[in-house]
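Enquirer: I'd like to ask you about the structure that follows.
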Amino acid sequence: MSKRLLLLGASGNIGTQALDLLEKDSSYELVGVSVGSNLSFLENFLSSWKQSAITHVYLNGSEEDIARFRSLFPNVFFYRGEKGLGELVKDCPADYVLNAIVGFAGFLPSYVASSLGKTLLLANKESLVVGGALINEQLAAHHQKIIPIDSEHAAFAKCLDAAGGRPIDRFIITCSGGPFYRKTLSELSNVTPEAALSHPTWKMGKKITIDSATLFNKGFELVEAGYLFGIDPSSIEVRVDRRSHVHSAILLKDGTYLADVGPSDMHGPIGYALSLGKGHSGVIETKDLASIPGTDFEPFDAEESPAIQLVLQGYRLGGTALASLNAANEEAVHLFLEKRIPFLSIYEAARLSLSFPIVKEGDPRWGYEALSEADHAARAAIRKRYLEKP
Ligand code: NAD
Ligand code: MG
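The opening residue of the sequence shown carries number 0 in numbering that gives the first Met the number 0; numbering runs sequentially from there.
So, in structure tokens, the structure goes:
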């Protein structure tokens, strides 16, 4: 029997690559999708998707958009609005949820999916950055585990599998260094969105590409790994592989390194997740070992990266601190892409967010609403700081 899947963020970079694979994978039946504001993508997709099983759809549009889609596709239930993604996950008859939404918007559906015991295939790292503790509580209650799609975390999962329980010395996360590798902060004061969007090895959505240029992405990935594998994010070693061939590694106590090595193609980790960690074939091009150039594995001083240090500081503060930082970063990235603030203001916005009030774990207000309020408040404060003239 095929597995029923809900694909969130279907119109994005990861979402469309997942659709490439699902088109050829008869073990899944796609029963629901979500998109943001790309409604022409949604209309084309619903008209052309080969299966007719899609019954539940979320779109980030108006009541009029919903009415138009209902008249075009009368057999589909449509959802919208701030709580709509949570309702979609609750109502859609899917046992598997692949979350490829970008940003805080992805947290609610991850939280609801984990609360309902659904299997979560996770690209939306922000879910764990802002609310990893809440999600982990739900996973534990349902004896579930997240299957990671982020390439470094899929690599860790594969290496842990290969380790077969042998004692681990440390996790080593790789980093391409992004477009501004070895540049000092003062050299970055005038960089343009175009320069920041030119990632050396991966083609991704705009927000994660800017996060890779600032290195907030690497900071977020440390926290993501912390929640996924039950480790201290600051114990993870960061190494630079400029070619992104080594997707990450672990060092065993017996001195053996286990590493995931392969082309920088997200079809690999998405295929790994869709195979539920069991392995897949025919998803990425197999390369002869001799054709994969060696790596220099340059050392990296995480203490020199303001983004990594700010994220680790937010993690130590706990509670809603990283929800505020994530929101400040999302708003600042947006403003930078609109050329309304300089690149370095992204760090300033994140630093500012760590002074915002925090609701801690254990406080009676702690929970989804507290994270959502911290997110809204941080966005408002950052917009006020940069857009309102004194
Ligand atoms: P993207 O911008 O290309 O796509 C994002 C998707 O989310 C789109 O479908 C968009 O319509 C939807 N969306 C955006 N805002 C929304 C909102 N408010 N409500 C509902 N839907 C909304 O992004 P991407 O590069 O595909 O990244 C998706 C996620 O995967 C991110 O969390 C990113 O960090 C993670 N990730 C991406 C890559 C990659 O190679 N692209 C690699 C690892 C992890
Ligand atoms: Mg990654």
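Heads up, the beta-carbon is just placed ideally off N, CA and C, and yes, glycines get one too. In this text the structure is predicted, and so the values were computed from the model without any measurement.
Take the Cβ of N43 as the centre, count every other Cβ of all protein chains shown within 10 Å, and call the residue buried at 16 or more, exposed below.
Expert: In the sequence shown, counting from the first residue as 1, residue 43 sits at position 44. Exposed, by the Cβ-count rule.
Enquirer: I need the straight-line Cα distance from K2 to F179, nearest angstrom please.
Expert: The count along the sequence shown starts at 1 and reaches residue 2 at position 3. The count along the sequence shown starts at 1 and reaches residue 179 at position 180. So the two alpha carbons sit approximately 42 Å from each other.
Enquirer: With distances taken Cα to Cα, identify the nearest neighbour of L184 among S150, L87, M265 and S304.
Expert: As a working mapping, residue 184 is identified with position 185 in the sequence shown. For the residues S150, L87, M265 and S304, the minimum Cα distance to L184 belongs to S304.
Enquirer: Given that a residue counts as buried once 16 or more other Cβ atoms are within 10 Å of its Cβ, and exposed if not, what is L71?
Expert: Within the sequence shown, numbered from 1, the residue matching residue 71 stands at position 72. Burial call: exposed.
Enquirer: Within 10 angstroms of its Cβ, does K217 collect 16 or more other Cβ (buried), or is it exposed?
Expert: Position 218 of the sequence shown holds residue 217. Flag for K217 reads buried.
Enquirer: Hey, would you say the C-beta of E28 is under 7 Å away from at least one heavy atom of the ligand MG?
Expert: Residue mapping note: residue 28 aligns to position 29 of the sequence shown, counting from 1. E28 Cβ: outside cutoff for every heavy atom of the ligand MG.
Enquirer: Check each candidate in P199, T285, I146 and R242 and name the one with the smallest Cα separation from E223.
Expert: For this step, residue 223 is matched to residue 224 along the sequence shown. Nearest option by C-alpha distance: I146.
Enquirer: Taking 7 Å as the cut-off, is the C-beta of D149 nearer than that to any heavy atom in the ligand NAD?
Expert: For the purposes of this step, residue 149 is identified with residue 150 of the sequence shown, where counting begins at 1. Yes - the ligand NAD has a heavy atom lying nearer than 7 Å to the Cβ of D149.
Enquirer: Going by other Cβ atoms of all chains shown within 10 Å of its Cβ, with 16 needed for buried, is N98 buried or exposed?
Expert: Translated into the one-based positions of the sequence shown, residue 98 becomes position 99. N98 comes out buried.
Enquirer: Starting from L18, follow the alpha helix (DSSP H) in both directions and report where the run begins and ends.
Expert: Looking up residue 18 in the sequence shown gives position 19. Counting along the chain, the alpha helix (DSSP H) containing L18 begins and ends at N12 to E22.
Enquirer: Tell me which same chain residues have a C-beta within less than 7 Å of the C-beta of L275, skipping the five on either side of it?
Expert: Your numbering for residue 275 matches position 276 in the sequence shown. Answer for L275: I146, listed in chain order.
Enquirer: Relative to the alpha-carbon of H266, which residue among L6, Q16, L7 and S10 has its alpha-carbon at the smallest distance?
Expert: Sequence index remark: in the sequence shown, residue 266 carries index 267 (1-based). Out of L6, Q16, L7 and S10, Q16 has the C-alpha closest to the C-alpha of H266.
Enquirer: Please report how far the alpha carbon of G163 lies from the alpha carbon of V237, in whole angstroms.
Expert: Taking the first residue of the sequence shown as position 1, residue 163 is located at position 164. Taking the first residue of the sequence shown as position 1, residue 237 is located at position 238. Cα to Cα, G163 sits roughly 23 Å from V237.
Enquirer: Do the region 55 to 67 and the region 31 to 38 touch if we need at least three Cβ pairs shorter than 8 Å?
Expert: They touch, by the three-pair rule.
Enquirer: Please look up how many angstroms separate the CB atoms of V30 and A122, rounded, as I've assumed it's under 8 Å.
Expert: Within the sequence shown, residue 30 is the residue found at index 31, counting from 1. Within the sequence shown, residue 122 is the residue found at index 123, counting from 1. Between A122 and V30 the Cβ distance is about 19 Å, and since that is not below 8 Å, they are no contact.
Enquirer: Within the continuous alpha helix (DSSP H) that includes K89, where are the two ends?
Expert: Within the sequence shown, residue 89 is the residue found at index 90, counting from 1. Counting along the chain, the alpha helix (DSSP H) containing K89 begins and ends at G83 to D90.
Enquirer: Could you pull out every residue in the same chain whose Cβ sits closer than 8 Å to the Cβ of T54, ignoring the five residues on either side in sequence?
Expert: Locating residue 54 in the sequence shown gives position 55, where the first residue counts as 1. Cβ within range, chain order: V30, G31, N74, V75, F76, C91 and P92.
Enquirer: Unbroken beta strand (DSSP E) runs of length 3 or more, entirely within the region 141 to 186: which are they?
Expert: Those beta strand (DSSP E) runs which fall completely within the region 141 to 186 and span 3+ residues are 167 to 174.
Enquirer: Quick one: using the 10 Å Cβ neighbour count with 16 as the cut-off for buried, is K157 buried or exposed?
Expert: One-based indexing of the sequence shown puts residue 157 at position 158. By the neighbour-count rule (16 or more Cβ atoms within 10 Å), K157 is buried.
Enquirer: With a threshold of 7 Å, establish whether the CB of E42 neighbours any heavy atom of the ligand MG.
Expert: As a position in the sequence shown, residue 42 is number 43, starting the count at 1. For the ligand MG, not one heavy atom lies less than 7 Å from the Cβ of E42.
Enquirer: Can you give me the C-alpha to C-alpha distance between Q50 and E125, rounded to a whole angstrom?
Expert: In the sequence shown, counting from the first residue as 1, residue 50 sits at position 51. In the sequence shown, counting from the first residue as 1, residue 125 sits at position 126. Between Q50 and E125, the C-alpha separation is close to 31 Å.
Enquirer: Run through DSSP, which three-state label would A331 get?
Expert: Start at 1 with the first residue of the sequence shown, and residue 331 comes out as number 332. It is helical.
Enquirer: Could you have a look at K2 and say whether DSSP puts it in helix, strand or coil?
Expert: The residue given as residue 2 occupies position 3 in the sequence shown. Residue state, collapsed to three classes: strand.
Enquirer: Contact check, A348 vs I381 under 8 Å by CB: the rounded distance?
Expert: Here residue 348 refers to the residue found at position 349 when the sequence shown is read from its first residue. Here residue 381 refers to the residue found at position 382 when the sequence shown is read from its first residue. A348 to I381, Cβ: 5 Å. Contact.
Enquirer: Rounded to the nearest angstrom, how far is the Cβ of V310 from that of K206, given a contact under 8 Å?
Expert: Taking the first residue of the sequence shown as position 1, residue 310 is located at position 311. Taking the first residue of the sequence shown as position 1, residue 206 is located at position 207. In fact, because the Cβ distance is near 15 Å, the residues do not count as touching under 8 Å.
Enquirer: Taking 8 Å as the threshold (C-beta atoms), are R79 and L58 in contact?
Expert: For the purposes of this step, residue 58 is taken as the residue at position 59 of the sequence shown. For the purposes of this step, residue 79 is taken as the residue at position 80 of the sequence shown. Yes, these two residues count as a Cβ contact at 8 Å.
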